[in-house]
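Letter by letter, the sequence shown follows residues 2 to 122 in the numbering used here.
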Amino acid sequence: MNDLGVAAEVGLGGYSLNGVPQHPLPDELERMRAVEGDLGTKYVRFPRWGTLYSRPQVDAVGGVQRIVEVVGPAVVRELGDAIYFQLTESVATAESAEALAMQKAFVALVAPLLPARRAGT
Numbered sequence: 002m003n004d005l006g007v008a009a010e011v012g013l014g015g016y017s018l019n020g021v022p023q024h025p026l027p028d029e030l031e032r033m034r035a036v037e038g039d040l041g042t043k044y045v046r047f048p049r050w051g052t053l054y055s056r057p058q059v060d061a062v063g064g065v066q067r068i069v070e071v072v073g074p075a076v077v078r079e080l081g082d083a084i085y086f087q088l089t090e091s092v093a094t095a096e097s098a099e100a101l102a103m104q105k106a107f108v109a110l111v112a113p114l115l116p117a118r119r120a121g122t
């Protein structure tokens with residue numbers, strides 16, 4: 002993900018360069034934008050290399066141990082009422098095949114908490 006893609010992810014904006022959207026997963030971005038006011042409460046953001054979820058969100062998918070079993074993140078840190086998951090030890094491997102497979106497993110696990118696809122998409 003380039004800098005404009007990261008900016009789109011963080012700000013839920015629609016950054017483009019020469020008319021080409023810069024977010025590598027535009028469907029996911031659009032789904033998050035559609036429920037922006039409910040992100041963090043009713044819905045969660047799509048998991049990425051580094052993901053922070055509240056304890057109730059983690060508990061809703063089976064808890065920390067379930068995420069560790071299914072996803073296998075390299076880093077798990079409890080941060081007060083939130084838990085941080087990092088797929089690999091280093092950002093240098095954030096887009097490796099291993100990390101992308103882990104991200105796919107994470108998405109499948111938290112699917113019940115993700116914004117739904119809009120009808121017709």
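Cβ atoms here follow ideal geometry from the backbone N, Cα and C, with glycine treated the same way.
Start and end residues, beta strand (DSSP E) containing residue i
i	result
Glu79	Val76 to Leu80
Leu53	Gly51 to Ser55
Ala117	That residue, Ala117, is in no beta strand (DSSP E); it is neither H nor E in DSSP.
Phe86	Ala83 to Gln87
Environment of residue i [buried if 16+ CB atoms lie within 10 Å]
i	result
Ala93	exposed
Gln87	buried
Nearest to residue i (by Cα), restricted to the options the options
i	options	result
Pro113	Ala102, Leu30, Tyr44 and Leu40	Tyr44
Leu40	Leu101, Tyr54, Glu79 and Val108	Tyr54
Arg56	Arg78, Gln104 and Ala35	Arg78
Asp60	Ser91, Asp82, Gly51 and Gln104	Asp82
Trp50	Lys105, Leu110 and Gln66	Lys105
Ala109	Arg34, Pro27 and Phe47	Phe47
Rounded straight-line distance, which links the Cα of residue j to that of residue i
i	j	result
Gly6	Leu30	Per-residue confidence for Gly6 stands at a pLDDT of 47, beneath the threshold of 50, marking its modelled position as unreliable; the derived number appears in the next sentence. If you take the alpha carbons of Gly6 and Leu30, they lie about 10 Å apart.
Glu70	Pro116	24 Å
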